[in-house]
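Take the position in the sequence shown, starting the count at 1, then add 38; the result is the number in the working numbering. Think of the CB as a built atom: it goes at the ideal place given N, C-alpha and C, for glycine as much as any other residue. Note that the structure is a prediction, hence the values are computed from the model and not measured. Worksheet for the structure shown next.
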Amino acid sequence: MKKKYILGALACLGGVCLLSCNRRGLGEPEQKYVGVACYNESDAFVGELLTCFKEECEERKLALTIRDAAGSQRTQNDQVRELLEEGCNVLCVNLVDRTDPSEIIDMAREKGVQVIFFNREPVMEDLTQWDNLYYVGADAEQSGVMQGELAAQVVSEKDAMDRNQDGKIQYVILEGEMDHQDAIIRTESVTNTLEECGVVLERLSYGIANWSRVQAQNRMTQIIEQYPTEIELVLSNNDAMALGAVDAYKEKQYLKEEMPIFFGIDGIRPGLNAVKSAELAGTVYNNKEKQAEVMAELAYAIVKGKQSEEIGIESNQYIYIPYEKVTLENVSDFLADKNE
Ligand code: BGC
Ligand code: CA
Numbered sequence: 039m040k041k042k043y044i045l046g047a048l049a050c051l052g053g054v055c056l057l058s059c060n061r062r063g064l065g066e067p068e069q070k071y072v073g074v075a076c077y078n079e080s081d082a083f084v085g086e087l088l089t090c091f092k093e094e095c096e097e098r099k100l101a102l103t104i105r106d107a108a109g110s111q112r113t114q115n116d117q118v119r120e121l122l123e124e125g126c127n128v129l130c131v132n133l134v135d136r137t138d139p140s141e142i143i144d145m146a147r148e149k150g151v152q153v154i155f156f157n158r159e160p161v162m163e164d165l166t167q168w169d170n171l172y173y174v175g176a177d178a179e180q181s182g183v184m185q186g187e188l189a190a191q192v193v194s195e196k197d198a199m200d201r202n203q204d205g206k207i208q209y210v211i212l213e214g215e216m217d218h219q220d221a222i223i224r225t226e227s228v229t230n231t232l233e234e235c236g237v238v239l240e241r242l243s244y245g246i247a248n249w250s251r252v253q254a255q256n257r258m259t260q261i262i263e264q265y266p267t268e269i270e271l272v273l274s275n276n277d278a279m280a281l282g283a284v285d286a287y288k289e290k291q292y293l294k295e296e297m298p299i300f301f302g303i304d305g306i307r308p309g310l311n312a313v314k315s316a317e318l319a320g321t322v323y324n325n326k327e328k329q330a331e332v333m334a335e336l337a338y339a340i341v342k343g344k345q346s347e348e349i350g351i352e353s354n355q356y357i358y359i360p361y362e363k364v365t366l367e368n369v370s371d372f373l374a375d376k377n378e
């Protein structure tokens with residue numbers, strides 16, 4: 039089913055909410071706060087997203103408590119239980135295991151606390167268990183398609199990508215966590231898109247590097263040893279791993295012209311800088327500012343007592359923020375507007 043993101047409904051919430059009353063009634067503590075459960079704060083993209091979210095919450099005078107599960111769903115369940123016991127008024131959850139939100143949903147439901155999942159997308163059967171559950175993120179397929187289009191563009195412009203002139207592009211793909219919607223879907227849609235654009239691909243190797251720059255560097259180092267000169271293109275499910283791949287070539291003292299062409303996704307600060315210095319040929323902007331703003335807007339509506347029927351997201355509770363293509367031509371706009 040095609041899901042849509044609806045921002046219009048949210049845009050007007052700010053004003054309306056001021057008028058609504060607190061459902062928890064008199065006698066309850068006045069302090070409203072947002073409990074945030076994060077899968078792993080060492081994740082570069084999630085770290086930047088949380089920084090934006092903190093700012094958005096400050097602007098709305100929402101108090102915030104952030105817990106980091108460091109990659110364990112068990113730990114996260116315990117942290118959510120604590121946040122609920124401490125009396126948080128809304129939960130924002132970045133699931134460790136996106137296929138396993140049941141315990142969190144049950145606990146929240148019992149306390150009547152609404153949940154905004156973000157970045158790690160629950161499946162529809164889980165999200166539709168209760169009306170007061172939401173997801174804020176982005177459409178994974180769109181990012182893969184855009185990355186594919188960016189790469190196809192370079193292939194068509196520069197004969198140079200097909201270095202051995204065999205009419206095929208020899209490539210390596212670096213993938214995020216195995217069960218993550220963004221890893222599975224980006225990998226599939228980027229290669230499909232390239233093929234639809236008429237590019238003949240030959241996959242030499244791949245690596246699962248769990249979104250991590252260091253893991254990607256290690257894996258890429260092994261792949262380079264196997265294919266020292268053959269790789270023409272490196273497609274990465276995110277910027278951090280694309281940068282890890284560049285690190286591997288640099289460590290091995292390759293010159294820029296001997297390296298393949300690299301593409302990432304996210305537009306994290308180091309990724310944008312790498313596009314600016316042409317180390318990455320392009321990336322796809324995962325709009326963390328907008329995601330954070332929508333999450334805060336929604337959290338604000340909830341702590342002001344809104345229930346899902348008043349919030350009215352006509353999109354099966356999923357809100358998707360569009361991606362944008364970033365290349366050398368427009369990277370300065372992103373560095374200036376979005377990250378300063
Ligand atoms: C981002 C990755 C990040 C992951 C974490 C993805 O949307 O592109 O960089 O590591 O989310 O869940
Ligand atoms: Ca070739």
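>> Excluding the 5 residues flanking ALA146 on each side, which residues of the same chain have their C-beta closer than 7 angstroms to its C-beta?
In response: Within the sequence shown, numbered from 1, the residue matching residue 146 stands at position 108. So the qualifying residues of the chain are LEU122, LEU129 and VAL153.
> Cα separation between GLU86 and GLU234?
Replying inline: Within the sequence shown, residue 86 is the residue found at index 48, counting from 1. Within the sequence shown, residue 234 is the residue found at index 196, counting from 1. Cα to Cα, GLU86 sits roughly 33 angstroms from GLU234.
>> Closer than 8 angstroms is the cut-off here; do at least three beta carbon pairs connect the stretch 125-140 with the stretch 101-116?
In response: yes
> Whole alpha helix (DSSP H) runs in the stretch 311-363 with 4 or more residues, listed along the chain?
Replying inline: 326-341 and 346-349
> Straight-line CA distance for LEU336 to ILE143?
Replying inline: On the sequence shown, position 298 is the one that residue 336 refers to. On the sequence shown, position 105 is the one that residue 143 refers to. The alpha-carbon atoms of LEU336 and ILE143 are separated by roughly 18 angstroms.
> In three-state DSSP terms, what is LEU171?
Replying inline: Here residue 171 refers to the residue found at position 133 of the sequence shown. Strand.
> Taking the Cβ atom as the reference point for each residue, do ILE246 and GLU215 lie within a distance shorter than 9 angstroms?
Replying inline: The sequence position of residue 246 within the sequence shown is 208, counting from 1. The sequence position of residue 215 within the sequence shown is 177, counting from 1. Yes, they are a contact pair.
> What is the DSSP secondary structure of MET151, reduced to helix, strand or coil?
Replying inline: As a first step, residue 151 is located in the sequence shown; it is residue number 113 there, counting from the start. The sequence given here has Val at residue 151, not Met. Coil at VAL151, not helix or strand.
>> Going residue by residue through the stretch 176-242, where are the continuous alpha helix (DSSP H) segments of at least 4 residues, counting only ones entirely within it?
In response: 178-195 and 219-234
>> Let me confirm a value: ASP371 is counted as buried when at least 16 other C-beta atoms fall within 10 Å, else exposed. Which label applies?
In response: To locate residue 371, count along the sequence shown from 1; it is residue 333. So ASP371 ends up on the exposed side.
> Would you call the stretch 301-311 and the stretch 229-243 touching, i.e. three or more CB-CB distances under 8 angstroms?
Replying inline: no
> Less than 9 angstroms separating the beta-carbons of ARG98 and TYR356?
Replying inline: Within the sequence shown, residue 98 is the residue found at index 60, counting from 1. Within the sequence shown, residue 356 is the residue found at index 318, counting from 1. Not in contact: ARG98 and TYR356 (Cβ atoms no closer than 9 angstroms).
> Hey, how far is the Cα of LEU366 from the Cα of GLY320?
Replying inline: Looking up residue 366 in the sequence shown gives position 328. Looking up residue 320 in the sequence shown gives position 282. Taking the straight line from one Cα to the other gives about 7 angstroms.
> How many whole angstroms separate the CB atoms of LEU212 and ALA176, which I take to be in contact at a CB cut-off of 8 angstroms?
Replying inline: Taking the first residue of the sequence shown as position 1, residue 212 is located at position 174. Taking the first residue of the sequence shown as position 1, residue 176 is located at position 138. Contact doesn't hold; Cβ gap of about 19 angstroms is too wide.
> Is the beta carbon of ALA330 less than 9 angstroms from the beta carbon of GLU93?
Replying inline: In the sequence shown, the residue the question calls residue 330 occupies position 292. In the sequence shown, the residue the question calls residue 93 occupies position 55. Yes.
> For ligand 2, is there a heavy atom less than 8 angstroms away from the beta-carbon of ALA197?
Replying inline: Taking the first residue of the sequence shown as position 1, residue 197 is located at position 159. A small correction: the amino acid at residue 197 is Asp; Ala does not occupy that position in the sequence shown. No, Cβ of ASP197 sits at least 8 angstroms from all heavy atoms of ligand 2.
>> Between the alpha carbons of TYR71 and TRP249, how many angstroms are there, rounded?
In response: The sequence position of residue 71 within the sequence shown is 33, counting from 1. The sequence position of residue 249 within the sequence shown is 211, counting from 1. Computed Cα separation, rounded: 30 angstroms.
> Can you pull the DSSP bridge partners for GLY109?
Replying inline: Here residue 109 refers to the residue found at position 71 when the sequence shown is read from its first residue. Per DSSP, none; premise fails for GLY109.
>> Given this structure, state the Cα-to-Cα distance separating TYR323 from THR267, to the nearest angstrom.
In response: In the sequence shown, the residue the question calls residue 323 occupies position 285. In the sequence shown, the residue the question calls residue 267 occupies position 229. C-alpha separation (whole angstroms): 30 angstroms.
> Considering only the beta carbon of each residue, do VAL210 and MET258 sit closer than 9 angstroms?
Replying inline: As a first step, residue 210 must be located in the sequence shown, where it is residue number 172. As a first step, residue 258 must be located in the sequence shown, where it is residue number 220. Yes.
> So, helix, strand or coil for GLY305, using DSSP?
Replying inline: Locating residue 305 in the sequence shown gives position 267, counting from the first residue. DSSP places GLY305 in coil when its eight states are reduced to three.
>> Could you check if ASN276 belongs to the surroundings of ligand 1, using beta carbon to heavy atom distance under 8 angstroms?
In response: Taking the first residue of the sequence shown as 1, we reach residue 276 at position 238. Correct: ASN276 has its Cβ closer than 8 angstroms to ligand 1.
>> According to DSSP, is TYR71 part of a helix, a strand, or is it coil?
In response: Position 33 of the sequence shown holds residue 71. Three-state DSSP puts TYR71 in a strand.
>> So the candidates are GLY305, ILE261, VAL193 and MET279; which of them puts its Cα closest to the Cα of LYS290?
In response: Numbered from its first residue, the sequence shown carries residue 290 at position 252. Here the closest residue by C-alpha is ILE261.
> Do VAL174 and VAL332 have their C-beta atoms within less than 9 angstroms of each other?
Replying inline: Indexing the sequence shown from 1 puts residue 174 at position 136. Indexing the sequence shown from 1 puts residue 332 at position 294. Result yes, Cβ atoms of VAL174 and VAL332 sit closer than 9 angstroms.
> Taking the Cβ atom as the reference point for each residue, do GLU327 and VAL284 lie within a distance shorter than 9 angstroms?
Replying inline: The residue given as residue 327 occupies position 289 in the sequence shown. The residue given as residue 284 occupies position 246 in the sequence shown. Contact: no.
> Does the beta-carbon of ALA108 have 16 or more other beta-carbons within 10 angstroms, so that it is buried, or is it exposed?
Replying inline: The sequence position of residue 108 within the sequence shown is 70, counting from 1. Under this definition ALA108 is an exposed residue.
> So which of ASN202, GLN203, CYS95 and MET184 has the shortest CA-CA distance to GLU226?
Replying inline: Position 188 of the sequence shown, counted from the start, is the residue given in the question as residue 226. Nearest option by C-alpha distance: MET184.
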